[in-house]
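Presented below is the structure to which this report refers.
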């Protein structure tokens with residue numbers, strides 16, 4: 001069955017709902033990864049210095065980047081091999097990274113502008129006041145290539161996991177839930193959340209490295225690349241540094257998937 005305009009609009013609105021709900025947790029995750037603090041301290045200091053607005057920094061481009069999230073367009077059937085489903089997810093991941101890396105970079109550098117001082121102020125903070133200002137400033141100072149800072153760890157993080165997410169989701173829906181009497185929305189939410197957690201568990205260290213590279217000063221960087229970031233982060237903070245923000249990532253993953261499906265179904269029902 002083809003994608004109708006109602007499906008597209010419902011998917012877009014569902015995606016927006018997911019961004020709004022998940023962005024505060026994403027901001028706390030990024031601040032934990034780059035400032036080395038706990039979730040409780042990140043929440044408390046963000047509210048102290050920036051109030052509610054601080055939790056939603058850098059959200060513009062993630063909102064604009066939302067498209068239809070109708071994940072059940074690809075299905076595992078007797079005619080579709082599991083390998084093809086995984087490859088389809090991987091291919092989608094490559095295109096996704098190439099499109100979203102600039103948005104992710106801008107989001108990260110704005111999220112690390114804490115408005116604080118002392119240990120709550122990063123050693124380098126960008127001079128940009130918002131997403132559009134950051135986009136224009138980066139292109140002006142470093143060209144379009146400057147927008148792809150951190151693309152290597154992001155590619156390693158997202159491409160394999162896009163395939164794993166798609167495969168896990170479809171297998172859960174087809175093998176576990178196909179004969180289950182549970183409402184479709186509940187099945188999709190559980191399958192999506194479980195697939196998200198399964199795909200994220202193995203790449204959290206890459207996400208930490210990605211955030212630290214993107215939050216670094218491009219004019220005088222602490223890290224010379226992904227391997228150097230791994231080495232220096234481990235040398236300074238030990239192995240635990242690579243799992244900073246893990247609880248926020250996993251909670252956000254499940255929550256966002258549920259909200260996306262709920263937003264999708266609610267919008268679709270309203271347009272009928």
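Residue numbers (full-length UniProt numbering): 1 to 272. Ideal Cβ positions, reconstructed from N, Cα and C, are used throughout, including at glycine. Fair warning: this is a prediction, and the values are worked out from it, not measured in the lab.
Own chain, CB closer than 8 angstroms to residue i, minus 5 neighbours either side, in chain order
| i | result |
| --- | --- |
| residue 16 | 63, 66 and 263 |
| residue 148 | 101, 102 and 105 |
| residue 127 | 137 |
| residue 21 | 255, 256 and 259 |
| residue 219 | none |
Environment of residue i [buried if 16+ CB atoms lie within 10 Å]
| i | result |
| --- | --- |
| residue 323 | In this structure the chain extends from 1 to 272, so residue 323 is not present and cannot be described. |
| residue 175 | exposed |
| residue 23 | buried |
| residue 252 | buried |
| residue 48 | exposed |
| residue 241 | buried |
| residue 223 | buried |
| residue 199 | buried |
| residue 229 | buried |
| residue 138 | buried |
| residue 26 | buried |
| residue 169 | buried |
| residue 227 | exposed |
| residue 4 | exposed |
| residue 132 | exposed |
| residue 84 | exposed |
| residue 46 | buried |
| residue 38 | exposed |
| residue 89 | buried |
| residue 134 | buried |
Close beta carbons around residue i, own chain, < 6 angstroms, minus the five adjacent residues each side
| i | result |
| --- | --- |
| residue 129 | none |
| residue 190 | none |
| residue 151 | 101 |
| residue 146 | 138 |
| residue 92 | 162 |
| residue 158 | 93 and 97 |
| residue 58 | 107, 110 and 111 |
| residue 267 | 10 and 13 |
| residue 233 | 241 |
| residue 141 | none |
Identity of the residue in the options nearest residue i by Cα
| i | options | result |
| --- | --- | --- |
| residue 60 | 19, 183 and 140 | 19 |
| residue 56 | 38, 40, 41 and 30 | 30 |
| residue 154 | 170, 207, 83 and 244 | 207 |
| residue 173 | 183, 187, 182 and 181 | 187 |
| residue 166 | 87, 223 and 247 | 87 |
| residue 54 | 14, 145 and 28 | 28 |
| residue 245 | 52, 4 and 42 | 42 |
| residue 183 | 90, 205 and 265 | 265 |
| residue 197 | 267, 248 and 7 | 248 |
| residue 259 | 193, 181 and 140 | 193 |
| residue 250 | 201, 232, 271 and 233 | 201 |
Sequence-distant residues of its chain with Cβ nearer than 7 angstroms to residue i (five each side left out)
| i | result |
| --- | --- |
| residue 215 | 34, 108, 109, 112 and 122 |
| residue 236 | none |
| residue 6 | 268 and 271 |
| residue 195 | 165, 168, 169 and 172 |
| residue 221 | none |
Distance between beta carbons of residue j and residue i, contact taken as under 8 angstroms
| i | j | result |
| --- | --- | --- |
| residue 261 | residue 185 | 6 angstroms |
| residue 143 | residue 50 | Actually they are not in contact, since the Cβ atoms of residue 143 and residue 50 sit about 31 angstroms apart, beyond 8 angstroms. |
| residue 204 | residue 239 | Not really, about 12 angstroms apart at Cβ, beyond 8 angstroms. |
Cutoff 8 angstroms: residue i Cβ touching any chain C Cβ
| i | result |
| --- | --- |
| residue 230 | Absence of chain C from the displayed structure is noted, only one protein chain being present. |
Quiz item: Between the region 199 to 213 and the region 27 to 47, do at least 3 Cβ pairs fall closer than 8 angstroms?
Solution: yes
Practice problem: Evaluate the contact criterion for the region 155 to 162 versus the region 90 to 101: three or more CB pairs, one atom per stretch, below 8 angstroms. | Solution: yes
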